[in-house]
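Report on the structure given below.
There are 2 protein chains.
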Amino acid sequence: MGLTKSEIYTEEQNRLANIAKAFGHPARVAILQHLFKVNACVCGDLVNEIGLSQATISQHLKELKNLGLLKGNIEGTSICYCIDIENWQNVSTYLQVFLNQKPTNLGECC
Amino acid sequence: MGLTKSEIYTEEQNRLANIAKAFGHPARVAILQHLFKVNACVCGDLVNEIGLSQATISQHLKELKNLGLLKGNIEGTSICYCIDIENWQNVSTYLQVFLNQKPTNLGECC
DNA sequence: TGTATTCATCGTAATATTGCAATTAATAAA
DNA sequence: TTTATTAATTGCAATATTACGATGAATACA
């Protein structure tokens, strides 16, 4: 039905999936990479840097902000975006614990 | 238009996004967690373990296989799935390089 | 040879996501 | 005040994803 049944999963499973989903689009990867490089960037610069419309960039920024990965300072009519390093590390670590898990016992069949 | 414009992104950006997308659904997180725990598991067990139909589980397994995260051995009428540890580590490391990047210069505004 | 079991695939329906044009809101500058 | 600039929001269209029932393919067992 296209509707993810979030209620049958654990908190951790839903949180991991939500975090991963934020990185699951090349536009958001590109935005994050650019912000890491310049570490201070207004929305308009991102529109020029990446080949998408201002409206679309704004939507992707919103998703990244919802996860707490970005923070922004208002500078006149523009907003300067940066990576929220502290939160980035929290989110990043949470995902990396999952990525670094090992099998509890060696496989007997494969 | 609902169509991701992959051609405007770098190889790396597309690859990172594809990897992240595989982890971007709680059912796939749950499947991977279970496989890590028991390290050998047929599809039917996953259907019981997770509350989804056999058809849906099979679809999710396909996506994980496409990324090379799983390998399977045929055992009679059933298939035994395991984590492909070597490939898991390749994929995992690729994503973690991205997650562990640092800003090149300190932000001046945020 | 059936029959049962197990997983894959197909068809479908519904929700989610992506992308953009148009509009709105807010501030700066004239 | 008016105009310009910048970003957010809204509304729409199209593609993508999720989920399941039905069906198909392959093997084990009788």
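Just so you know, the protein sequences line up as chains A and B, in that order. Residues in the first sequence are numbered from 1 upward in steps of one, following my numbering. Residues in the second sequence are numbered from 1 upward in steps of one, following my numbering. Yeah, the Cβ is synthetic: ideal placement off N, Cα and C, and Gly gets one too.
Start and end of the alpha helix (DSSP H) containing C113 (chain A)?
Coverage of chain A is limited to positions 1 through 110, which leaves residue 113 (chain A) absent and any answer about it impossible.
Would you kindly work out how many angstroms separate the C-alpha atoms of G24 (chain B) and S53 (chain A), rounded to a whole number?
Counted from its first residue, the second sequence places residue 24 (chain B) at position 24. Counted from its first residue, the first sequence places residue 53 (chain A) at position 53. Cα to Cα, G24 (chain B) sits roughly 25 Å from S53 (chain A).
Within the chosen definition, does the stretch 54–71 of chain A reach the stretch 82–92 of chain A through at least 3 CB pairs nearer than 8 Å?
yes
Using a Cβ-Cβ cut-off of 8 Å, state whether C82 (chain A) counts as contacting chain B.
Taking the first sequence and counting its residues from 1, the one referred to as residue 82 (chain A) is at position 82. Yes, because at least one Cβ of chain B sits closer than 8 Å to the Cβ of C82 (chain A).
Alpha carbon of K65 (chain B) to alpha carbon of I74 (chain A), nearest angstrom:
On the second sequence, position 65 is the one that residue 65 (chain B) refers to. On the first sequence, position 74 is the one that residue 74 (chain A) refers to. Computed Cα separation, rounded: 45 Å.
Quick one: Cα of C41 (chain B) to Cα of E49 (chain B), how far?
In the second sequence, residue 41 (chain B) corresponds to position 41, counting from 1. In the second sequence, residue 49 (chain B) corresponds to position 49, counting from 1. Distance between the alpha carbons of C41 (chain B) and E49 (chain B): 11 Å.
Opening and closing residue of the beta strand (DSSP E) in which Y94 (chain B) lies
Along the second sequence, one-based indexing puts residue 94 (chain B) at 94. Unbroken run through Y94 (chain B) is the alpha helix (DSSP H), I85 to L99; no beta strand (DSSP E).
How many Å lie between C110 (chain B) and A27 (chain A) at the Cα?
Locating residue 110 (chain B) in the second sequence gives position 110, counting from the first residue. Locating residue 27 (chain A) in the first sequence gives position 27, counting from the first residue. Taking the straight line from one Cα to the other gives about 22 Å.
Boundaries (first-last residue) of the beta strand (DSSP E) holding N114 (chain A)
Residue 114 (chain A) is absent from the model: chain A starts at 1 and stops at 110.
Does any residue of chain A have a CB that is nearer than 8 Å to the CB of G44 (chain B)?
Translated into positions along the second sequence, residue 44 (chain B) becomes position 44. False, the Cβ-Cβ gap to chain A never drops below 8 Å.
Cβ-based burial, A55 (chain B) [other Cβ within 10 Å; buried from 16]:
Locating residue 55 (chain B) in the second sequence gives position 55, where the first residue counts as 1. Label assigned to A55 (chain B): exposed.
Beta-ladder partner(s) of L70 (chain A), from DSSP
By 1-based counting over the first sequence, the position of residue 70 (chain A) is 70. Note: L70 (chain A) sits in a beta bridge opposite A:I83.
Less than 8 Å between the CB atoms is what I'm expecting for V47 (chain B) and I31 (chain B), so what's the real figure, rounded?
Taking the first residue of the second sequence as position 1, residue 47 (chain B) is located at position 47. Taking the first residue of the second sequence as position 1, residue 31 (chain B) is located at position 31. Incorrect: roughly 11 Å between the Cβ atoms, too far for contact.
Rounded to whole angstroms, how far is the Cβ of Q96 (chain A) from the Cβ of Q96 (chain B), which I believe are closer than 8 Å?
Working through the first sequence from its first residue, we reach residue 96 (chain A) at position 96. Working through the second sequence from its first residue, we reach residue 96 (chain B) at position 96. Indeed they touch by this definition, with Cβ atoms about 6 Å apart.
Can you check which of these residues, B:S6, B:Q13, B:D45 and B:G2, is closest to Y94 (chain B) by C-alpha distance?
In the second sequence, counting from the first residue as 1, residue 94 (chain B) sits at position 94. Cα-wise, what sits closest to Y94 (chain B) is B:Q13.
Any C-beta of chain A within less than 9 Å: which residues of the stretch 28–59 of chain B qualify?
R28, V29, A30, L32, Q33, L35, F36, K37, V38, N39, A40, I50, G51 and L52
Below-8 Å beta-carbon distance, G76 (chain A) vs any chain B residue:
Counting from 1 along the first sequence, the entry for residue 76 (chain A) is found at position 76. No, its Cβ sits nowhere closer than 8 Å to a Cβ of chain B.
Name the residue from B:I79, B:D84 and B:K21 whose alpha carbon lies nearest to the alpha carbon of G44 (chain B).
Counting from one through the second sequence, the residue named residue 44 (chain B) turns up at place 44. G44 (chain B) has its Cα closest to that of B:I79, out of B:I79, B:D84 and B:K21.
Under 7 Å Cβ-Cβ, which residues of chain A neighbour G24 (chain B)?
Start at 1 with the first residue of the second sequence, and residue 24 (chain B) comes out as number 24. Under the 7 Å cutoff, chain A gives A17, A20, K21 and G24.
Taking DSSP as the reference, what is the three-state secondary structure of S58 (chain A)?
What you label residue 58 (chain A) is simply residue 58 of the first sequence in a count that begins at 1. Residue state, collapsed to three classes: helix.
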